[in-house]
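Student: My questions all concern the structure below.
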Amino acid sequence: MSTTPPGWYPDPSGQHGTRWWDGTGWTSHVGPATAQTQRPRIPDHVSTDTVFVWVMVLLPVIALPVSLFYHPEFRYTVVEPGVRTVDPTSIYTPGYVLLQVFTLLMYAADVVLAYFDHRTLQRRGVVRPFPWAWAFLLSPILYVIGRTVVLRTVAPGRPMWPLWVTIAVTAIGLVVGVVRVVATFQQMLP
1 MSTTPPGWYP DPSGQHGTRW WDGTGWTSHV GPATAQTQRP RIPDHVSTDT
51 VFVWVMVLLP VIALPVSLFY HPEFRYTVVE PGVRTVDPTS IYTPGYVLLQ
101 VFTLLMYAAD VVLAYFDHRT LQRRGVVRPF PWAWAFLLSP ILYVIGRTVV
151 LRTVAPGRPM WPLWVTIAVT AIGLVVGVVR VVATFQQMLP
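So the sequence shown is numbered by UniProt numbering: it starts at 1 and just counts up by one.
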């Protein structure tokens, strides 16, 4: 016995809009598709850029130089005669701990900035802006992409500068990160 109450539901065959479910099975009664509600457009004079999204997008620019201040120093240990290995505890220096704390603070700042950006967009008339909680995942890239997609539906034709700057900053960060990793691993080679 189904616990789904009788009513109009999307047709499981995909041929019609809706089909009547009588509580035990699908009937032959079909109806039109339910209309999708669209977000209303915002006026052209209302800006979709907020100070919060720009701070979020440019925050990694601050992180790049800060990350370059940490220089791991690898100590080696001899595990048996003729065999030496990197001491795994040698990277845990005060600089490493400060870098990790800084990273967590940046992450928290991204989430808070996404919240304030979301709230500002609501105040400017954007109905159902992209949920700020997505900033918890891949912060801030995922939020900025989703935000841009939503804003393109309510404010078509507007520039997508926050997205392009996010892509550029991320690309620069990846290049700097790869160079940094290569330099770090070269220190470990004999």
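Where is the CB? At the ideal position from N, CA and C, for every residue including glycine.
1. Please state the DSSP three-state secondary structure of residue 118.
2. If you compare alpha carbons, which of 9, 38, 23 and 47 is closest to residue 31?
3. Mind listing, in chain order, the continuous alpha helix (DSSP H) runs of no fewer than 4 residues lying wholly within the region 121–155?
4. Let me confirm a value: residue 74 is counted as buried when at least 16 other C-beta atoms fall within 10 Å, else exposed. Which label applies?
5. Hey, could you find the ends of the alpha helix (DSSP H) residue 13 is sitting in?
6. Assuming residue 128 contacts residue 48 (C-beta within less than 8 angstroms), just tell me the rounded distance between them.
7. Return the chain-ordered list of same chain residues with a C-beta closer than 7 angstroms to the C-beta of residue 61, the five sequence neighbours on each side being excluded.
8. From which residue to which residue does the alpha helix (DSSP H) around residue 170 run?
9. In this structure, does DSSP put residue 103 in helix, strand or coil?
10. Take residue 141 and list the residues in its own chain whose beta-carbon comes closer than 7 angstroms to its own, dropping the five residues that flank it on each side.
11. Just reading off the alpha helix (DSSP H) that residue 83 is part of, what are its end residues?
12. Identify whether residue 46 lies in helix, strand or coil by the three-state DSSP scheme.
13. Three or more C-beta pairs closer than 8 angstroms, one from the region 52–71 and one from the region 98–105: is that the case here?
Tutor: Reading from the atomic positions:
1. For the purposes of this step, residue 118 is taken as the residue at position 118 of the sequence shown. Annotated three-state conformation of residue 118 is helix, per DSSP.
2. As a working mapping, residue 31 is identified with position 31 in the sequence shown. Comparing Cα-Cα distances from residue 31 to each of 9, 38, 23 and 47, the minimum goes to 9.
3. List check, alpha helix (DSSP H) in window: 141–154.
4. Locating residue 74 in the sequence shown gives position 74, counting from the first residue. It counts as exposed.
5. Walking along the sequence shown from the start, residue 13 turns up at place 13. Neither: residue 13 is in no alpha helix (DSSP H) and is coded neither H nor E.
6. On the sequence shown, residue 128 is found 128 positions in, with the first residue counted as 1. On the sequence shown, residue 48 is found 48 positions in, with the first residue counted as 1. 14 angstroms between Cβ atoms; not a contact.
7. As a first step, residue 61 is located in the sequence shown; it is residue number 61 there, counting from the start. Its chain contains 169 as the residues whose beta carbon lies nearer than 7 angstroms to that of residue 61, once the 5 sequence neighbours on both sides are disregarded; these appear in chain order.
8. The sequence position of residue 170 within the sequence shown is 170, counting from 1. Start and end: 161–188.
9. As a working mapping, residue 103 is identified with position 103 in the sequence shown. Looking at residue 103 - three-state DSSP - the assignment turns out to be helix.
10. Position 141 of the sequence shown, counting from 1, holds the residue named residue 141. 166 and 170.
11. Taking the sequence shown and counting its residues from 1, the one referred to as residue 83 is at position 83. Here residue 83 belongs to no alpha helix (DSSP H); instead the beta strand (DSSP E) covers 83–86.
12. Here residue 46 is taken as the residue at index 46 of the sequence shown, counted from 1. Look at residue 46 here: in three-state DSSP terms it is coil, with no helix or strand label.
13. Short answer: they touch.
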